[in-house]
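Residue numbers (the working numbering): 66 to 471.
Structure record follows, encoded as C-alpha coordinates.
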(Lines of atoms letter the chains of each structure in order from A and count residues from 1; the text may use other names and numbers.)
(Lines give C-alpha, C1' and ligand atoms only; values in the text may rest on other atoms or scores of the structure.)
Protein backbone atom coordinates (compact mmCIF):
# COMPACT_ATOMS: atom_id res chain seq x y z
CA UNK A 1 0.00 0.00 0.00
CA UNK A 2 2.89 2.38 0.74
CA UNK A 3 4.21 1.93 -2.79
CA UNK A 4 0.77 2.65 -4.23
CA UNK A 5 0.46 5.82 -2.15
CA UNK A 6 3.87 7.10 -3.19
CA UNK A 7 3.25 6.26 -6.87
CA UNK A 8 -0.08 8.06 -6.89
CA UNK A 9 1.40 11.18 -5.24
CA UNK A 10 4.37 11.42 -7.59
CA UNK A 11 2.20 10.91 -10.66
CA UNK A 12 0.17 14.01 -9.72
CA UNK A 13 2.90 16.36 -8.53
CA UNK A 14 1.00 19.58 -9.25
CA UNK A 15 -2.13 18.50 -7.38
CA UNK A 16 -0.07 17.08 -4.53
CA UNK A 17 1.89 20.33 -4.17
CA UNK A 18 -1.37 22.28 -4.21
CA UNK A 19 -2.70 20.21 -1.32
CA UNK A 20 0.58 20.59 0.60
CA UNK A 21 0.56 24.34 -0.01
CA UNK A 22 -3.00 24.80 1.25
CA UNK A 23 -2.19 22.75 4.33
CA UNK A 24 0.97 24.81 4.93
CA UNK A 25 -0.98 28.09 4.66
CA UNK A 26 -3.56 26.91 7.18
CA UNK A 27 -0.78 25.75 9.51
CA UNK A 28 0.97 29.12 9.27
CA UNK A 29 -2.31 30.91 9.95
CA UNK A 30 -2.96 28.78 13.04
CA UNK A 31 0.62 29.35 14.19
CA UNK A 32 0.23 33.13 14.01
CA UNK A 33 -3.25 32.91 15.53
CA UNK A 34 -2.02 30.90 18.51
CA UNK A 35 0.98 33.22 18.77
CA UNK A 36 -1.32 36.22 19.07
CA UNK A 37 -3.24 34.55 21.92
CA UNK A 38 0.04 33.66 23.64
CA UNK A 39 1.27 37.25 23.28
CA UNK A 40 -1.85 38.49 25.04
CA UNK A 41 -1.32 35.94 27.79
CA UNK A 42 2.25 37.15 28.30
CA UNK A 43 1.08 40.76 28.47
CA UNK A 44 -1.49 39.79 31.08
CA UNK A 45 1.19 38.10 33.18
CA UNK A 46 3.40 41.18 32.89
CA UNK A 47 0.50 43.38 33.99
CA UNK A 48 -0.17 41.10 36.96
CA UNK A 49 3.44 41.56 38.12
CA UNK A 50 3.78 45.26 37.37
CA UNK A 51 0.30 46.48 38.38
CA UNK A 52 -0.27 45.46 41.98
CA UNK A 53 -3.79 44.81 43.19
CA UNK A 54 -3.90 45.82 46.85
CA UNK A 55 -6.58 45.57 49.51
CA UNK A 56 -7.13 47.66 52.63
CA UNK A 57 -9.19 46.43 55.56
CA UNK A 58 -11.65 49.10 56.72
CA UNK A 59 -14.68 49.55 58.92
CA UNK A 60 -18.09 48.84 57.41
CA UNK A 61 -18.42 52.22 55.69
CA UNK A 62 -14.83 52.37 54.44
CA UNK A 63 -14.30 55.64 56.31
CA UNK A 64 -11.54 54.32 58.59
CA UNK A 65 -8.54 52.15 57.79
CA UNK A 66 -6.44 52.75 60.92
CA UNK A 67 -7.38 52.43 64.56
CA UNK A 68 -9.58 49.40 63.92
CA UNK A 69 -10.29 46.12 65.63
CA UNK A 70 -9.35 43.52 62.99
CA UNK A 71 -9.67 39.89 64.01
CA UNK A 72 -6.28 38.20 63.61
CA UNK A 73 -8.01 34.87 62.85
CA UNK A 74 -9.68 36.49 59.85
CA UNK A 75 -6.28 37.57 58.52
CA UNK A 76 -4.83 34.10 59.10
CA UNK A 77 -7.61 32.59 57.01
CA UNK A 78 -6.85 35.05 54.21
CA UNK A 79 -3.16 34.17 54.33
CA UNK A 80 -3.90 30.43 54.18
CA UNK A 81 -5.38 30.89 50.71
CA UNK A 82 -1.81 31.65 49.47
CA UNK A 83 -3.35 34.45 47.40
CA UNK A 84 -2.28 37.41 49.56
CA UNK A 85 1.10 38.96 50.30
CA UNK A 86 1.41 41.21 53.39
CA UNK A 87 2.24 44.85 52.72
CA UNK A 88 1.65 46.56 56.05
CA UNK A 89 0.19 45.06 59.22
CA UNK A 90 0.02 47.20 62.36
CA UNK A 91 -1.21 46.77 65.91
CA UNK A 92 -1.67 49.45 68.54
CA UNK A 93 -1.59 49.11 72.30
CA UNK A 94 -0.78 51.19 75.35
CA UNK A 95 1.61 51.03 78.30
CA UNK A 96 2.91 52.99 81.23
CA UNK A 97 6.37 52.95 82.72
CA UNK A 98 6.75 50.91 85.89
CA UNK A 99 4.32 48.74 87.78
CA UNK A 100 0.59 49.31 87.71
CA UNK A 101 -0.84 51.54 90.41
CA UNK A 102 -4.37 52.90 90.50
CA UNK A 103 -5.93 51.66 87.22
CA UNK A 104 -8.20 54.70 86.98
CA UNK A 105 -5.27 57.14 86.94
CA UNK A 106 -2.98 54.94 84.81
CA UNK A 107 -4.81 56.02 81.65
CA UNK A 108 -3.70 59.60 82.13
CA UNK A 109 -0.07 58.51 81.94
CA UNK A 110 -0.56 55.96 79.18
CA UNK A 111 1.97 55.87 76.34
CA UNK A 112 1.48 54.33 72.90
CA UNK A 113 2.96 51.02 71.79
CA UNK A 114 2.94 50.24 68.07
CA UNK A 115 3.89 47.00 66.34
CA UNK A 116 4.23 46.40 62.61
CA UNK A 117 5.87 44.26 59.96
CA UNK A 118 7.61 47.28 58.40
CA UNK A 119 9.74 50.22 59.54
CA UNK A 120 7.61 52.57 57.42
CA UNK A 121 5.33 52.99 60.46
CA UNK A 122 7.97 54.95 62.33
CA UNK A 123 10.46 56.06 59.69
CA UNK A 124 10.70 57.15 56.07
CA UNK A 125 14.48 56.64 56.13
CA UNK A 126 15.45 53.92 58.67
CA UNK A 127 19.18 54.39 58.14
CA UNK A 128 18.85 58.02 59.17
CA UNK A 129 16.03 57.93 61.71
CA UNK A 130 16.76 54.73 63.69
CA UNK A 131 19.80 54.07 65.90
CA UNK A 132 20.54 50.68 67.47
CA UNK A 133 22.67 49.43 70.32
CA UNK A 134 25.67 47.35 69.31
CA UNK A 135 24.67 43.87 68.14
CA UNK A 136 21.12 44.82 67.18
CA UNK A 137 19.46 45.76 63.90
CA UNK A 138 15.95 46.15 62.53
CA UNK A 139 16.14 42.59 61.21
CA UNK A 140 16.99 41.35 64.71
CA UNK A 141 14.11 43.35 66.15
CA UNK A 142 11.56 41.92 63.69
CA UNK A 143 12.65 38.27 63.75
CA UNK A 144 13.49 37.79 67.43
CA UNK A 145 10.25 37.28 69.36
CA UNK A 146 11.92 35.27 72.14
CA UNK A 147 13.55 38.37 73.61
CA UNK A 148 11.44 41.33 74.71
CA UNK A 149 13.26 44.05 72.78
CA UNK A 150 11.90 47.36 71.57
CA UNK A 151 12.65 50.78 70.13
CA UNK A 152 11.72 54.04 71.84
CA UNK A 153 10.84 57.45 70.46
CA UNK A 154 13.73 59.86 71.10
CA UNK A 155 11.40 62.44 72.63
CA UNK A 156 9.87 59.85 74.96
CA UNK A 157 13.32 58.62 75.99
CA UNK A 158 14.41 62.14 76.85
CA UNK A 159 11.21 62.87 78.77
CA UNK A 160 11.34 59.59 80.75
CA UNK A 161 15.14 59.68 81.23
CA UNK A 162 15.71 56.27 79.59
CA UNK A 163 19.03 54.80 78.37
CA UNK A 164 19.75 52.45 75.46
CA UNK A 165 20.71 48.90 76.39
CA UNK A 166 18.86 48.84 79.72
CA UNK A 167 15.79 46.83 80.78
CA UNK A 168 12.62 48.61 81.87
CA UNK A 169 9.44 47.36 83.50
CA UNK A 170 6.20 48.49 81.87
CA UNK A 171 2.52 47.72 82.35
CA UNK A 172 0.65 46.79 79.17
CA UNK A 173 -2.95 47.73 78.35
CA UNK A 174 -5.24 46.45 75.64
CA UNK A 175 -7.23 49.07 73.74
CA UNK A 176 -10.91 48.21 73.46
CA UNK A 177 -13.74 49.87 71.57
CA UNK A 178 -17.42 49.73 72.45
CA UNK A 179 -20.13 49.49 69.71
CA UNK A 180 -20.15 53.29 69.49
CA UNK A 181 -16.41 53.44 68.84
CA UNK A 182 -15.54 54.78 72.30
CA UNK A 183 -12.08 53.78 73.54
CA UNK A 184 -11.34 52.09 76.85
CA UNK A 185 -8.35 50.29 78.37
CA UNK A 186 -7.91 46.87 79.90
CA UNK A 187 -4.85 46.07 81.98
CA UNK A 188 -3.00 42.98 80.72
CA UNK A 189 0.09 42.67 82.90
CA UNK A 190 3.64 43.76 83.60
CA UNK A 191 6.42 43.10 81.08
CA UNK A 192 10.14 43.82 81.11
CA UNK A 193 11.47 45.29 77.86
CA UNK A 194 15.04 45.79 76.76
CA UNK A 195 15.56 49.11 75.00
CA UNK A 196 17.80 48.34 71.99
CA UNK A 197 17.24 51.40 69.81
CA UNK A 198 15.71 54.81 69.37
CA UNK A 199 13.92 56.52 66.50
CA UNK A 200 12.80 59.91 65.31
CA UNK A 201 9.26 59.34 64.07
CA UNK A 202 8.87 60.35 60.42
CA UNK A 203 6.76 57.41 59.20
CA UNK A 204 3.32 57.35 57.63
CA UNK A 205 1.41 55.93 60.63
CA UNK A 206 -1.42 58.17 61.80
CA UNK A 207 -0.92 57.44 65.51
CA UNK A 208 1.98 58.84 67.51
CA UNK A 209 4.30 56.06 68.63
CA UNK A 210 6.26 56.09 71.89
CA UNK A 211 7.46 52.47 71.77
CA UNK A 212 7.82 50.10 68.81
CA UNK A 213 8.23 46.31 68.71
CA UNK A 214 7.64 43.45 66.29
CA UNK A 215 4.18 42.08 65.60
CA UNK A 216 5.26 38.58 66.61
CA UNK A 217 6.41 39.83 70.01
CA UNK A 218 3.22 41.77 70.71
CA UNK A 219 1.11 38.77 69.65
CA UNK A 220 3.10 36.58 72.03
CA UNK A 221 2.57 39.02 74.92
CA UNK A 222 -1.18 39.09 74.26
CA UNK A 223 -1.27 35.29 74.23
CA UNK A 224 0.69 35.09 77.47
CA UNK A 225 -1.84 37.41 79.10
CA UNK A 226 -4.89 35.51 77.75
CA UNK A 227 -6.02 38.49 75.69
CA UNK A 228 -7.38 38.32 72.14
CA UNK A 229 -5.07 39.99 69.64
CA UNK A 230 -6.44 42.38 67.02
CA UNK A 231 -4.70 44.24 64.23
CA UNK A 232 -5.01 47.99 64.08
CA UNK A 233 -4.68 48.14 60.27
CA UNK A 234 -4.04 45.63 57.50
CA UNK A 235 -3.00 46.13 53.90
CA UNK A 236 -1.97 43.33 51.55
CA UNK A 237 -1.55 42.61 47.85
CA UNK A 238 -2.75 39.79 45.61
CA UNK A 239 -0.18 37.21 44.56
CA UNK A 240 -2.02 36.56 41.28
CA UNK A 241 -4.32 39.37 40.07
CA UNK A 242 -5.41 37.15 37.15
CA UNK A 243 -7.56 35.29 39.71
CA UNK A 244 -9.14 38.51 40.96
CA UNK A 245 -12.78 37.40 40.80
CA UNK A 246 -12.07 34.02 42.41
CA UNK A 247 -10.06 35.77 45.14
CA UNK A 248 -12.91 38.17 45.93
CA UNK A 249 -15.29 35.23 46.29
CA UNK A 250 -12.82 33.48 48.61
CA UNK A 251 -12.51 36.62 50.75
CA UNK A 252 -16.30 36.87 51.10
CA UNK A 253 -16.39 33.19 52.01
CA UNK A 254 -13.79 33.80 54.73
CA UNK A 255 -15.89 36.54 56.31
CA UNK A 256 -14.96 39.86 54.72
CA UNK A 257 -18.01 41.98 53.96
CA UNK A 258 -18.91 44.48 51.26
CA UNK A 259 -18.87 48.15 52.15
CA UNK A 260 -22.08 49.57 53.57
CA UNK A 261 -22.02 53.33 53.05
CA UNK A 262 -25.21 53.62 55.10
CA UNK A 263 -23.54 52.03 58.13
CA UNK A 264 -22.03 53.55 61.25
CA UNK A 265 -19.06 55.75 60.33
CA UNK A 266 -17.78 55.46 63.92
CA UNK A 267 -17.70 51.65 63.86
CA UNK A 268 -14.26 50.26 64.70
CA UNK A 269 -14.67 46.63 63.63
CA UNK A 270 -12.47 45.98 60.60
CA UNK A 271 -14.24 43.34 58.53
CA UNK A 272 -14.79 45.14 55.23
CA UNK A 273 -12.35 45.56 52.40
CA UNK A 274 -11.49 48.11 49.75
CA UNK A 275 -9.76 46.51 46.75
CA UNK A 276 -7.63 48.84 44.63
CA UNK A 277 -7.93 47.03 41.31
CA UNK A 278 -9.02 49.78 38.91
CA UNK A 279 -5.67 50.22 37.15
CA UNK A 280 -5.21 46.49 36.64
CA UNK A 281 -8.78 45.98 35.39
CA UNK A 282 -8.50 48.86 32.91
CA UNK A 283 -5.27 47.42 31.54
CA UNK A 284 -6.31 43.76 31.53
CA UNK A 285 -9.91 43.99 30.28
CA UNK A 286 -9.09 44.73 26.60
CA UNK A 287 -6.62 41.83 26.52
CA UNK A 288 -9.06 39.44 28.16
CA UNK A 289 -11.81 40.50 25.77
CA UNK A 290 -9.51 40.01 22.79
CA UNK A 291 -8.36 36.58 23.99
CA UNK A 292 -11.95 35.48 24.66
CA UNK A 293 -13.03 36.56 21.18
CA UNK A 294 -10.12 34.77 19.51
CA UNK A 295 -10.77 31.57 21.44
CA UNK A 296 -14.44 31.67 20.46
CA UNK A 297 -13.40 31.75 16.79
CA UNK A 298 -11.56 28.42 17.06
CA UNK A 299 -14.69 26.30 16.32
CA UNK A 300 -15.39 28.43 13.25
CA UNK A 301 -11.81 28.01 12.06
CA UNK A 302 -11.95 24.24 12.52
CA UNK A 303 -15.28 24.09 10.68
CA UNK A 304 -13.68 25.94 7.74
CA UNK A 305 -10.74 23.52 7.86
CA UNK A 306 -13.12 20.55 7.71
CA UNK A 307 -14.94 22.11 4.76
CA UNK A 308 -11.66 22.82 2.93
CA UNK A 309 -10.50 19.27 3.62
CA UNK A 310 -13.72 17.98 2.14
CA UNK A 311 -13.59 20.30 -0.89
CA UNK A 312 -9.95 19.62 -1.78
CA UNK A 313 -10.32 15.87 -1.37
CA UNK A 314 -13.58 15.83 -3.32
CA UNK A 315 -12.20 17.81 -6.27
CA UNK A 316 -8.95 15.85 -6.45
CA UNK A 317 -10.59 12.46 -6.15
CA UNK A 318 -13.39 13.44 -8.55
CA UNK A 319 -10.79 13.75 -11.31
CA UNK A 320 -9.69 10.17 -10.57
CA UNK A 321 -13.09 8.51 -10.95
CA UNK A 322 -11.99 6.41 -13.90
CA UNK A 323 -8.90 5.25 -12.04
CA UNK A 324 -11.06 4.35 -9.03
CA UNK A 325 -13.48 2.41 -11.25
CA UNK A 326 -10.62 0.48 -12.88
CA UNK A 327 -9.12 -0.37 -9.49
CA UNK A 328 -12.49 -1.62 -8.32
CA UNK A 329 -12.97 -3.69 -11.51
CA UNK A 330 -9.57 -5.29 -10.93
CA UNK A 331 -10.70 -6.57 -7.57
CA UNK A 332 -9.70 -3.84 -5.06
CA UNK A 333 -12.25 -3.73 -2.25
CA UNK A 334 -14.08 -0.60 -1.19
CA UNK A 335 -12.38 -0.70 2.21
CA UNK A 336 -8.87 -0.93 0.79
CA UNK A 337 -9.56 1.80 -1.74
CA UNK A 338 -11.03 4.01 0.99
CA UNK A 339 -7.95 3.52 3.17
CA UNK A 340 -5.61 4.22 0.22
CA UNK A 341 -7.28 7.54 -0.66
CA UNK A 342 -7.53 8.71 2.97
CA UNK A 343 -3.87 7.90 3.63
CA UNK A 344 -2.79 9.80 0.52
CA UNK A 345 -4.59 12.95 1.69
CA UNK A 346 -3.46 12.47 5.28
CA UNK A 347 0.17 12.19 4.13
CA UNK A 348 -0.10 15.40 2.10
CA UNK A 349 -1.71 17.18 5.06
CA UNK A 350 1.13 16.14 7.37
CA UNK A 351 3.76 17.34 4.89
CA UNK A 352 1.89 20.67 4.68
CA UNK A 353 1.86 20.99 8.47
CA UNK A 354 5.62 20.39 8.60
CA UNK A 355 6.27 22.95 5.85
CA UNK A 356 4.06 25.51 7.58
CA UNK A 357 5.81 24.98 10.92
CA UNK A 358 9.28 25.28 9.44
CA UNK A 359 8.31 28.45 7.55
CA UNK A 360 6.72 30.27 10.50
CA UNK A 361 8.53 28.94 13.59
CA UNK A 362 11.40 31.51 13.48
CA UNK A 363 8.94 34.42 13.42
CA UNK A 364 6.40 33.52 16.10
CA UNK A 365 6.66 32.85 19.84
CA UNK A 366 3.89 30.53 20.90
CA UNK A 367 2.85 28.31 23.76
CA UNK A 368 3.70 24.76 22.70
CA UNK A 369 0.64 23.25 24.38
CA UNK A 370 -1.71 25.70 22.69
CA UNK A 371 0.01 25.12 19.35
CA UNK A 372 -0.16 21.34 19.73
CA UNK A 373 -3.90 21.51 20.49
CA UNK A 374 -4.47 23.83 17.51
CA UNK A 375 -2.57 21.55 15.12
CA UNK A 376 -4.30 18.42 16.40
CA UNK A 377 -7.66 20.13 15.93
CA UNK A 378 -6.66 21.22 12.43
CA UNK A 379 -5.45 17.75 11.45
CA UNK A 380 -8.52 15.96 12.80
CA UNK A 381 -10.93 18.40 11.14
CA UNK A 382 -9.11 18.17 7.82
CA UNK A 383 -9.14 14.40 8.12
CA UNK A 384 -12.86 14.48 8.88
CA UNK A 385 -13.62 16.49 5.73
CA UNK A 386 -11.37 14.23 3.68
CA UNK A 387 -13.06 11.09 5.03
CA UNK A 388 -16.51 12.38 4.14
CA UNK A 389 -15.38 13.22 0.59
CA UNK A 390 -13.73 9.84 0.09
CA UNK A 391 -16.78 8.03 1.46
CA UNK A 392 -19.04 9.78 -1.05
CA UNK A 393 -16.79 9.24 -4.06
CA UNK A 394 -16.00 5.67 -3.11
CA UNK A 395 -19.60 4.74 -3.90
CA UNK A 396 -19.08 4.98 -7.64
CA UNK A 397 -20.97 3.00 -10.25
CA UNK A 398 -18.06 1.09 -11.77
CA UNK A 399 -19.95 -0.17 -14.82
CA UNK A 400 -21.43 3.26 -15.52
CA UNK A 401 -18.11 5.05 -15.36
CA UNK A 402 -16.28 2.50 -17.52
CA UNK A 403 -19.11 2.53 -20.10
CA UNK A 404 -19.05 6.33 -20.23
CA UNK A 405 -15.27 6.29 -20.64
CA UNK A 406 -15.59 4.04 -23.73
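Glycine included, every Cβ here is placed at the ideal spot set by N, Cα and C.
Because the structure is a prediction, the values reported are computed rather than measured.
{"Check": "Alpha helix (DSSP H) segments (min. 4 residues) lying fully within the segment 77 to 140", "Outcome": "78 to 115"}
{"Check": "Distance between residue 411 and residue 147 (C-alpha atoms, nearest Å)", "Outcome": "48 Å"}
{"Check": "Residue from 307, 294 and 195 with nearest C-alpha to residue 260", "Outcome": "195"}
{"Check": "Of the listed residues 267, 122, 424 and 81, nearest to residue 190 (C-alpha basis)", "Outcome": "267"}
{"Check": "Beta-carbon proximity of residue 123 to residue 254, cut-off 8 Å", "Outcome": "no"}
{"Check": "Three-state class that DSSP yields for residue 331 in the structure shown", "Outcome": "coil"}
{"Check": "Segments assigned alpha helix (DSSP H), at least 4 residues, entirely inside the segment 393 to 428", "Outcome": "399 to 425"}
{"Check": "Residue 442, DSSP secondary structure in three states", "Outcome": "helix"}
{"Check": "Whether residue 103 touches residue 435 by CB criterion (8 Å)", "Outcome": "yes"}
{"Check": "Contained alpha helix (DSSP H) runs [length at least 4] in the segment 151 to 230, N- to C-terminal order", "Outcome": "168 to 171, 191 to 194, 203 to 208 and 219 to 225"}
{"Check": "First through last residue of the alpha helix (DSSP H) which encompasses residue 376", "Outcome": "363 to 383"}
{"Check": "Where the alpha helix (DSSP H) through residue 319 begins and ends", "Outcome": "309 to 319"}
{"Check": "Cβ neighbour criterion (16 or more within 10 Å) applied to residue 291", "Outcome": "exposed"}
{"Check": "Neighbourhood of residue 197 by C-beta, 7 Å cutoff - its chain only, sequence neighbours within 5 removed", "Outcome": "261 and 262"}
{"Check": "Sub-8 Å separation of residue 294 and residue 159 beta-carbons", "Outcome": "no"}
{"Check": "One or two residues paired with residue 252 in a DSSP bridge", "Outcome": "238"}
{"Check": "Cross-strand partners of residue 345 (DSSP beta bridge)", "Outcome": "Its beta-bridge partners do not exist; DSSP assigns none."}
{"Check": "Minimum C-alpha distance to residue 369 - residue among 358, 450 and 162", "Outcome": "450"}
{"Check": "Residue 232 - DSSP class collapsed to helix/strand/coil", "Outcome": "strand"}
{"Check": "Extent of the continuous alpha helix (DSSP H) to which residue 284 belongs", "Outcome": "280 to 289"}
{"Check": "Cutoff 6 Å; reference residue 306; Cβ partners in own chain excluding five residues on either side", "Outcome": "113, 118 and 345"}
{"Check": "Where the beta strand (DSSP E) through residue 300 begins and ends", "Outcome": "298 to 303"}
{"Check": "Exposure of residue 232, with buried meaning 16 or more beta-carbon neighbours within 10 Å", "Outcome": "exposed"}
{"Check": "Residue 89 versus residue 452: straight-line alpha-carbon distance, rounded", "Outcome": "20 Å"}
{"Check": "Of the residues 378, 297 and 331, the one placed nearest residue 179, counting alpha carbons only", "Outcome": "297"}
{"Check": "Selection from 164, 151, 340 and 349 that minimises the alpha carbon distance to residue 110", "Outcome": "349"}
{"Check": "Residue 276 burial status per 10 Å Cβ neighbour count (16 or more: buried)", "Outcome": "buried"}
{"Check": "Burial state of residue 149, where buried means 16 or more other Cβ atoms lie within 10 Å", "Outcome": "buried"}
{"Check": "Per-residue DSSP class, three states only, for residue 357", "Outcome": "helix"}
{"Check": "For residue 238, the nearest candidate out of 382, 164 and 97 (CA to CA)", "Outcome": "164"}
{"Check": "Close Cβ partners of residue 248 (< 8 Å) along its chain, the five nearest in sequence each way excluded", "Outcome": "240, 241 and 242"}
{"Check": "According to DSSP, residues forming a beta bridge with residue 339", "Outcome": "121"}
{"Check": "Chain-order list of residues whose beta-carbon lies under 6 Å from that of residue 139 (same chain, five-residue window excluded)", "Outcome": "320"}
{"Check": "As assigned by DSSP and simplified to three states, the class of residue 263", "Outcome": "strand"}
{"Check": "Beta-carbon gap between residue 91 and residue 443 smaller than 8 Å", "Outcome": "yes"}
{"Check": "Beta-ladder partner(s) of residue 277, from DSSP", "Outcome": "179 and 216"}
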